[in-house]
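Here the sequence shown stands for residues 1 to 1137, where the numbers follow the UniProt record's numbering. Ideal Cβ placement from N, Cα and C applies to all residues, glycine included. These notes are about the structure you will find just below.
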Amino acid sequence: MVERDVEGTQRDLRIGVDAELAAAGFDDAREIGRGGFGVVYRCVEHLLNRPVAVKVLEASSSAEERERFLREQRALGLFSGHPHIVQVLSADITPTGRPYLVMPYFALGSLLTRIREHGPLPWQEVLSIGVKIAGALAAAHAYGMVHRDVNPSNILVSDYGEPQLSDFGIARMRGAFETAAGLVAGTPAFTAPEVFRGEQPTAAADVYGLGATMFCLLTAHAAFERREGESLVTQFVRIASEPVPDLRHHGVPAQLAAALEAAMAQDPGERPSSAREFGDRLRNIQFSSGLTVDSMALPAEDGDKRGAEPVVPSAPAETTGGITQCAGPTPSTRYRPPSSPRRPVQRERLLGRLRDGGARRLVLIHGPVGFGKSTLAAEWVNMLAAEGIRVAWLSVDSDDDNVVWFLSHVIEAIRYAHPGVAADLERLLEEHASDAARHVMTTLIDEIHRSGETVALVIDDWNRVTGPATIAALEFLLDHGCHHLRLIVTSRSRTGLPLGRMRVHDELTEIDESDLRFDRTETSEFLADTSGLSLGSTDVERLRESTEGWAAALQLATLSLRGRDDPGAYIDQISGRHYAIGEYLMENVIDSLEPDLLDFVMRTAVPDRICGELAEALTGVDSGQDMLEQVRAQDLFLRSIDDDLRWFRYHGLFAQFLRNRLARKHPGLLEELHLIASQWFAAHDKLTEAVDHALAANAPERATTIVAEHAERLMEQSRTATLLGLAAKLPDSYLALNAPLQVRIAWANVAVQRPAPALAALDRADLALAAAPQDERSAHTRTELEFVRTAVDLISDRAAEAPVRTPPQGPLRPFLAHGIAVVAMVSALYRFDFDEVQRWHRWIEPYRLQARGPFGVMYCDCIAGIASYEQLDIHGAESCFRTARRLALETGERSHATRLAGALLGELLYEKGQFIEAEELLAAGLTLEGGTVEFLMAAYATGARLAAVRGDLDTLHARLDEGSKIATNSSLPRLAAQILNERIRCGLPIDDDDRRELEQLEPYTAHPDLPSARTAEIEHDSAIRLLLATGTPAAAELATGRAEQLRRVIATQDRPHALLNAELMHACCLAATGRIEQAAEQVTPALIRCAELGLVRCVVDTGVQLQPVIENISSTMESMPHPLRAFLNQVQAEFER
């Protein structure tokens, strides 16, 4: 609590209270505030040696006051943890039965103290305080509690400068406006007018109190402070009758002044409807002013009902080859350094070299197989981890030639080390493949840099990558990364890395084969301490020379030398180069195994990773897990790759030897085991390994069947890159013959805006169907194929070429039903048949719960929302978009589905002036390249407009440039027209050719479909804006003519949203010609509609020429409805910004 001893004197403490508090553990009690039924003491809590404020109930308090005190105690307990409400540290009763509350002591006092001592606060700080206290009030209101006395003296300042709301439920003292001890001094000036009229205080009264408090903080006096000699009654009358003084003359931005005027409106119905709404408006002002936007802490019950919905928890996910799987041990198979039951040799000389390299961004450890590259990397990152550096590990495999999967693996590895970084970035890659690679890498680098923590990423076995795109991706990370991202690369060669550039910039530390060879000391330690083999120094040196310091050969030698009577004599038999040594020693190790164990080892070496269940399937034993642990215990080159000892992997060289031996000794068995492994992996939804093993078994037909059987589910789960990546593994000869799979591949390409690959897949499907028997199945496939062709036309914005399709008769698969519904809904939307869109939306309802993923359901909801938006059913549109996004969130925050729905929702919220949530949603939509053009226009055009509101020119240009690039590459004239329109709106330069084309536009005429109509309307809007920008009367007349033609033609169609925009633009042009009254008369119905729907940006973005029109309406309209007046005031404030 705050110190309130404003007179600088202390009341005498009764000995009893002092003693009672001391007995409770609170020493040095000193009264700092008194009023009503409570007394506040500053004490020192003996146990924790901290100052606290203790509020004690007066002994003379009535039973009702005692009950109120206890109610406050319970109520404040509800706010435990709220960052901007004073916390109750404890509550108890003194030995004489007097209840007390213990709260923090605020040495910095209240905001009232601060403005009395230092004067007005900067408006930026007042905005921040307003947002935070709005959150505190929203939390209180959610629990049914009204504060009733929000004023600067009841907002305390923590030791960290944070505002905290205090005195819940007891701020009103005995008597209506008691001011004992200054506790409620000035309260009348912060009381809502309706309370003076005898009405019960409500949440609206708290909004008034917060607005009045912010006014006071800006000016250092209350808006209606009591004048000298003025009676209380006169002050009350003034509060209830006079307008709020205009703060614009005090240097307060118009938006903030208008917001406070709204909060302090005399009629509660004209104020923001809730503390949360008021806080959101303040946050919007922060956003559009280029300030840091503060958060409002809200209770879980109030949650974020209008914001991003919470992610629905799903089953634990596995990422295998960049593919999100339903379950499995992926976190431990790819993202852990190699482990060994034996302590590795500490290679101090090499670790010293690495330490000397300091914070260089690239460490390359390269050499042939078996030289201990991975072991050294593991030792090095263990040391880095001990220094507080976050360590990520990625073991590369052949699938990392696919840049999508490689980057997905990199992201997953980093997230294991640093969970706060790169959330859901892999989902962007999953759905957009290499198109999003550069954006994802840039985002990853930026997020690591912003975290302020260093991440060391090990990329083990880089030599397995040969794909140019993956090599380019790693080069990008090295070229553009900062000092917070260090890479440790192990490889058998030096290729695929920008070593020259890194060396020039002194960012390279290199350890090569000669460095990796064991010296005499390391060999001796390895043999004696690690392997338990006792040899004389001469024999140690002979063995080192014979193996040339090759770690793998030394390890194999120890297995061969164990148990021999004269190991030194055997050393002479070891000769030859690396691979000869390896095979010779392996033969000796293998020959020492029992036949059953050898058979088990050979069979379980077939897959790259092995677990107990899979081992049982491959070997027929009943105790696969026990056998694997036995093999590991015998040091037979098997290591665990997870913490639970469930999954294991053989050393690569050893595993390859075992497979070769199996193929030699048992012809045909290797292929049989690959097929068993494929079946096991497929049954456990690990599709990459299932396909790889089927292909290794020389069973391409089986591999094709696996992909075909899972294709629809992958699409429904928005895992497009997985499907395309698996299909790319299949032989062309088998893939080309499978028409249904080719159709699924076409669907996948449609989903990511790739019409050319989609059409190629459809052409292959056509050929396959022509060669196949003409039965019912092929007929259904051909029907589906034609729907996909229509979908290609629609995503290409060629509505005129898209025929209307009739769905096939009979029951449909959920995937196909949603695909057909999406095509039909978009087709109806583009024909302006909005009722037909809604009919199809109802038609798909029975299939919603049958879908195995949210993608199709989400898409249908989005198209229904677009149709509602076109009809100005804003509530219906927002409901559809939020439902779509809530469903899509099951696939991740950054999934393709989530970003599609989020882009449309963000555009709608922007139109309503809800900038904060809109920016979060639209920013997530960047790199969006799938869906119809509506999604792209929302992400790039509206996203650019939002950046302009904030004054973020870099983001504005980036979004416009990217949108223009997509429009050009995908031949989307509607998107191109909208991007050009945004440039003109922002006053940016445009090409002379574009300007000439706009100047020479023919008068607007009706168009048969939405894409062509919207393209023409956007072009005419651009032409009108260019004319208005010249500022000449003649140009204004020309613009008015164009706008009138546009409005007149659209009025003949059932297109409410388009007509609203045309009416606003026509009024804008009339105003530019000086016909203000005519403009006001014509536009008033449109403004009333905008006010009813909350479409503030729809008006503001039309043009500043509307400002005098709105002023005219505000000054001349009699008995203006409250919502319209508040709306026009908000629009005016936006114009004055």
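Of the residues assessed, Q914 falls on the buried side of the cut-off, its CB having 16 or more other CB atoms within 10 angstroms.
In the DSSP assignment, Y416 falls outside any beta strand (DSSP E) and within the unbroken alpha helix (DSSP H) covering 403-417.
Put simply, the region 1076-1093 does not touch the region 1035-1043. Fewer than three CB pairs are less than 8 Å apart.
Counting along the chain, D460 sits inside the beta strand (DSSP E) bounded by residues 455-460. E453 is the residue among E453, A136, T781, V52 whose C-alpha sits nearest the C-alpha of G420. For the 8 Å CB-CB criterion, H418 and R390 form a contact.
Membership of C1098 in the alpha helix (DSSP H) is indicated by the continuous run 1096-1100. For W647, the secondary structure class from DSSP, reduced to helix, strand or coil, is strand. The Cβ-Cβ distance between Y105 and V52 falls below 8 Å. One Cα belongs to F190, the other to F196, and the distance between them is close to 11 Å. Cβ neighbours of P344 within its own chain (closer than 6 Å, five residues either side excluded): T375. Assignment of beta-bridge partners to P99 by DSSP yields I93. The beta carbons of V752 and L794 sit no closer together than 8 Å. Looking at V933, D775, R805, E776, the one whose alpha-carbon comes closest to that of F787 is R805. Taking a cut-off of 8 Å on C-beta distances, the region 360-369 touches the region 474-494, as three or more cross pairs fall below it. As a beta-bridge residue in DSSP terms, D27 pairs with V44.
In the DSSP annotation of this structure, the continuous segment of the beta strand (DSSP E) that includes K55 starts and ends at 50-57. With respect to the 8 Å criterion, V837 and R848 are not classified as neighbours on the basis of their beta carbons.
Using a Cβ distance threshold of 8 Å, E709 and A851 do not count as a contacting pair. About 5 Å separates the beta carbons of Y734 and T704, which is inside the 8 Å limit, making them a contact pair. In this structure, the beta-carbon distance from A696 to H674 falls below 8 Å. In this structure, DSSP gives L165 an extended state, which the three-state scheme calls strand.
Taking all protein chains shown into account, I93 has fewer than 16 neighbouring C-beta atoms within 10 Å of its C-beta and is therefore exposed. Of the other Cβ atoms in all chains shown, fewer than 16 fall within 10 Å of the Cβ of Y160; this residue is therefore exposed.
Judged by DSSP secondary structure, A884 falls within the alpha helix (DSSP H) whose first and last residues are 874-888. Residue pairing for T490: DSSP places it in a beta bridge opposite I365. In this structure, the beta-carbon distance from V606 to A677 falls below 8 Å. Classified as buried, H651 has 16 or more neighbouring CB atoms from the shown chains inside 10 Å of its CB. In this structure, the straight-line span from the alpha carbon of D954 to that of L960 is close to 10 Å. Residue pairing by DSSP places C611 opposite W647 in a beta bridge. From the listed residues G467, G357, Y416, the smallest Cα separation to W405 is found for G467.
Relative to the Cα of L904, the nearest Cα in the group T891, D861, Q286 belongs to D861. For L256 against F215, the beta-carbon gap comes to about 10 Å, at or over 8 Å, which does not count as contact. In the displayed model, I990 falls within coil according to three-state DSSP, outside both helix and strand. Counted as a single uninterrupted DSSP element, the stretch harbouring I511 is not any alpha helix (DSSP H) but the beta strand (DSSP E) occupying residues 508-511. When the alpha-carbon of H1057 is set against those of Q87, Y416, A1086, G370, the nearest one is in A1086.
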